[in-house]
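**Q** Protein chains in written order, with UniProt numbering: chain A, 1 to 339; chain B, 1 to 339.
Glycine included, C-beta positions come from ideal geometry on N, C-alpha and C.
Since the model is a prediction, treat every value here as computed from it, not as a measurement.
Take a look at this one; I'll ask things after.
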């Protein structure tokens, strides 16, 4: 550890939090941050949401600009928790009111958000984030301070990442009960195309094909159809923004799926055999389950240059690893010296 | 009701049950039938399964032939509960030892089973059945007497269906806690291609595409991927037999899905827009949820010729209806006259 690591961590562990957008994710984050003892406040474009959040006892500013000015004064971590469709408007306020803010987000695509930050708030110290906690529900009422518990929170870990703000974001994620996967923004986008955006698209197609089968088909719909279409219940505008924002990576994943489905179709029509398709799927699912059971503890050596430390973090994520907490030594360094 | 309906129902309510095959479905059925007070016994080709079922206190014959001979003596309902791959062997024993048996099955495709029955046990009084209760688990140990509780059990309702045996199968399904959807065999096969076989195929493709994304992708896999690939954990041989047995209907469903996915791919690559695909999926899922909430009670008039009664039942199923029990009048008619 370098001499100032303790001070950076100490500040990160108590840094105030400003949450812009109080839907499922933002609303849950405000609750979880307060529950973790942080000074935290929010803002929403919806009067109804502001009223509900205040009625539940939370500190909500009258406007986004007011919340951002408070963040600038308090050197808070600003979390942009609005859908991609509203991202530009909110970032423009950040760029104006808190131009060098500590900034993160919670959206499911990292590269387009980074580009939007460069356009609207180029001076902000931005480190992208993505808690993998989406459900088919949305809005303040759907939120819960438990939402992040034991979930994965990706923290963008690129060559030019600001390590101080990176520590802020990791500390917030851990404080909310999540575990952290460090990943390069582009590698994150490729991965989520396969395990989040493609599943949403397949769920939509399956739901439409099933509904085409009429009332008898829906009456027979049991576990496989209910599970396979669950996320099709998400508001289509939210899913579209998420998927369309990750176009290149999603196209590659979709082509992979179309190739496999086409091969299955050809085999079913000719020999009738589906075993190779189904076996590949079974193997894939087994790999997922094995990955979940494979728990080992390792301590990362964070000496070296910032670039070396960032690459070590990324390599942890690439190999399926997660950050689950701080070592006792790091917390000792962060503690105020005893009198 | 016709004069003999009471006697038919009375016999159906207490008919002995012979279960051939003691895997997830057959093993659960033997448990549920015994729990419902039926005289019930089973048979299995696996020595291990026989030992386990006997150790759990169930009546298991030494051989399939012995179980079938007992069924012939007791005029029991024989339930064939083996995978499609073993269907011919078991039906051959039925054809030899109980040629005019009351016979049903629990497999997920109805037309190929009917053809197999015509080939191997042409004299049997066969009425196909399909409890929609598959899970990704299999074998005696995976079974439970609760498996059928509140689940849908399709009972084949074709023009030439034997109404006495049809009543036997419906009575067994209701006794196990299921609700009954009457459906023509071919309409059933078209429906399950869309809401069961296609979901299995999409789950396999999704699992394979996800696993191709490497360890980072699997580490990020959350709800949408876990739900969308759950049934890919089923033994691929079982899924293949089920899907391949419903080839024509599955090809049509698969082509529908491929058409929709291809359109989405084209739109994503050109305008970038996925909203129409996602909205169609959202609507489909909403239809499913609305169908589940739409509960009305109606009593079916079962006067008329057998053909008219069968068509009335099929129409109930086509419109999303279910049989949930017997009317008090029907049970009164079935009760022995008071002294």
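Hey, which unbroken runs of the alpha helix (DSSP H) at 4 residues or more fall wholly within the stretch 202 to 252 of chain A?
**A** Fully enclosed alpha helix (DSSP H) runs of 4 or longer: 214 to 220, 223 to 229, 236 to 244.
**Q** Exposed or buried, residue 225 of chain B, counting other C-beta atoms within 10 Å across all chains shown (16 or more means buried)?
**A** The residue in question, residue 225 of chain B, is buried, as its Cβ has 16 or more Cβ neighbours within 10 Å.
**Q** Using a Cβ-Cβ cutoff of 9 Å, what residues of the stretch 182 to 202 of chain A are near chain B? List them in chain order.
**A** Under the 9 Å Cβ criterion, the stretch 182 to 202 of chain A contributes 183, 187, 188, 190, 191, 192, 193, 194, 195, 196, 197, 198, 199, 200, 201, 202.
**Q** Please tell me whether, using a cut-off of 7 Å, the distance from the CB of residue 257 of chain B to the nearest non-hydrogen atom of the ligand MN is below it.
**A** With respect to the ligand MN, the structure offers nothing, as it holds no ligand at all.
**Q** Going along the chain, which residues of its own chain have a beta-carbon closer than 6 Å to the beta-carbon of residue 126 of chain A, five neighbours each way excluded?
**A** Closer than 6 Å at Cβ, skipping near neighbours: 103, 117.
**Q** Runs of 3 residues minimum, wholly inside the stretch 42 to 96 of chain B: which ones carry the beta strand (DSSP E) assignment?
**A** For the stretch 42 to 96 of chain B, whole beta strand (DSSP E) runs of length 3 or above, ordered along the chain, are 77 to 80.
**Q** Expressed to the nearest angstrom, what Euclidean distance is found between the alpha-carbon atoms of residue 242 of chain B and residue 29 of chain B?
**A** The straight-line gap from Cα to Cα measures roughly 20 Å.
**Q** Name the two residues that bound the continuous alpha helix (DSSP H) containing residue 167 of chain B.
**A** From DSSP, the alpha helix (DSSP H) with residue 167 of chain B extends over 163 to 175.
**Q** Measuring CA to CA, which of A:332, A:268, A:222 is closest to residue 240 of chain B?
**A** Here the closest residue by C-alpha is A:268.
**Q** Flag this pair as yes or no: are the beta carbons of residue 316 of chain A and residue 183 of chain B separated by less than 8 Å?
**A** Contact flag unset, no.
**Q** Short of 8 Å Cβ to Cβ, which residues in the stretch 226 to 244 of chain B face chain A?
**A** Those residues of the stretch 226 to 244 of chain B that come within reach of chain A (Cβ to Cβ, closer than 8 Å) are 226, 227, 228, 229, 230, 231, 232, 233, 234, 235, 236, 237, 239, 240, 243, 244.
**Q** If you count every other CB in all the chains shown that lies within 10 Å of the CB of residue 98 of chain B, and 16 or more means buried, which is it?
**A** Buried, since its Cβ has 16 or more Cβ neighbours within 10 Å.
**Q** Using three-state DSSP, classify residue 117 of chain B as helix, strand or coil.
**A** Here residue 117 of chain B sits in helix by DSSP.
**Q** Taking only beta-carbon atoms, is residue 279 of chain A less than 8 Å away from chain B?
**A** So, interface residue.
**Q** Indicate whether residue 92 of chain A and residue 195 of chain B have their beta-carbon atoms separated by less than 8 Å.
**A** Cβ distance not < 8 Å, so residue 92 of chain A and residue 195 of chain B don't count as in contact.
**Q** If the cut-off is 9 Å on Cβ atoms, which residues from the stretch 70 to 104 of chain A count as contacting chain B, listed in chain order?
**A** For the stretch 70 to 104 of chain A, which is checked against every Cβ of chain B, not one residue is closer than 9 Å.
**Q** Tell me the DSSP secondary structure of residue 11 of chain A in three-state form.
**A** Looking at residue 11 of chain A - three-state DSSP - the assignment turns out to be helix.
**Q** Taking three-plus beta-carbon pairs below 8 Å as touching, is the stretch 33 to 45 of chain B in contact with the stretch 312 to 326 of chain A?
**A** Not touching, per the Cβ criterion.
**Q** Which first and last residues belong to the alpha helix (DSSP H) in which residue 372 of chain B is found?
**A** The structure shown has nothing for residue 372 of chain B, since chain B only spans 1 to 339.
**Q** Please list, in chain order, all residues of the same chain as residue 17 of chain A whose beta carbon is under 7 Å from its beta carbon, the five residues on each side excluded.
**A** Around residue 17 of chain A: 33, 38, 40, 76, 77, 79, 172.
**Q** Whose Cβ in chain A lies nearer than 9 Å to the Cβ of residue 151 of chain B?
**A** Near residue 151 of chain B (Cβ distances below 9 Å), the residues of chain A are 222.
**Q** CA-CA distance, residue 85 of chain A and residue 245 of chain A?
**A** So the alpha carbons of these two residues sit roughly 10 Å apart.
**Q** Give me the chain B residues within the contact set of residue 125 of chain A, using Cβ-Cβ distance strictly less than 7 Å, ordered along the chain.
**A** Residues of chain B passing the Cβ test: none, with the nearest at roughly 25 Å.
**Q** Residue 258 of chain A versus chain B: which residues are under 8 Å apart at the beta carbon?
**A** By Cβ distance, chain B contributes 258, 261, 262, 265.
**Q** Residues bridged to residue 102 of chain A by DSSP?
**A** Answer by DSSP bridge pairing, in chain order: A:77, A:125.
**Q** At a Cβ cut of 7 Å, what residues of the stretch 203 to 220 of chain B count as close to chain A, listed as they run along the chain?
**A** Taking 7 Å as the Cβ-Cβ cut-off against chain A, the residues of the stretch 203 to 220 of chain B that qualify are 203, 204, 205, 206, 207, 208, 209, 210, 211, 212, 213, 215, 216, 217, 218, 219, 220.
**Q** For residue 318 of chain A, return the contacting residues in chain B, with the cut-off set at a CB-CB distance below 7 Å.
**A** Those are 215, 216, listed as they occur along chain B.
**Q** Report the partner residues of residue 20 of chain A according to the DSSP bridge assignment.
**A** Paired residues: A:43, A:80.
**Q** Considering only the beta carbon of each residue, do residue 282 of chain B and residue 188 of chain B sit closer than 8 Å?
**A** No, they are not a contact pair.
**Q** Is residue 24 of chain A near residue 64 of chain A, with beta carbons less than 8 Å apart?
**A** It is not a contact, given that the beta carbons lie outside the stated cut-off.
**Q** Should residue 230 of chain B and residue 211 of chain B be called a contact, given that it needs their Cβ atoms to be closer than 8 Å?
**A** No. Outside cutoff.
**Q** Following the continuous alpha helix (DSSP H) through residue 330 of chain A, name the residue where it begins and the one where it ends.
**A** From DSSP, the alpha helix (DSSP H) with residue 330 of chain A extends over 328 to 334.
**Q** Whose C-beta lies closer than 8 Å to the C-beta of residue 167 of chain B among residues of the same chain, with five residues either side of it excluded?
**A** So the list reads 8, 9, 12, once near-sequence residues are dropped.
**Q** Could you list which residues in chain B have their beta carbon closer than 7 Å to that of residue 132 of chain A, in chain order?
**A** 220, 222, listed in chain order.
**Q** Hey, does residue 29 of chain A have any beta-carbon neighbour from chain C nearer than 8 Å?
**A** Looking at the structure shown, chain C is missing, and the protein chains on hand are A and B.
**Q** Distance, Cα to Cα, residue 42 of chain B vs residue 256 of chain B?
**A** Whole-angstrom Cα-Cα distance: 41 Å.
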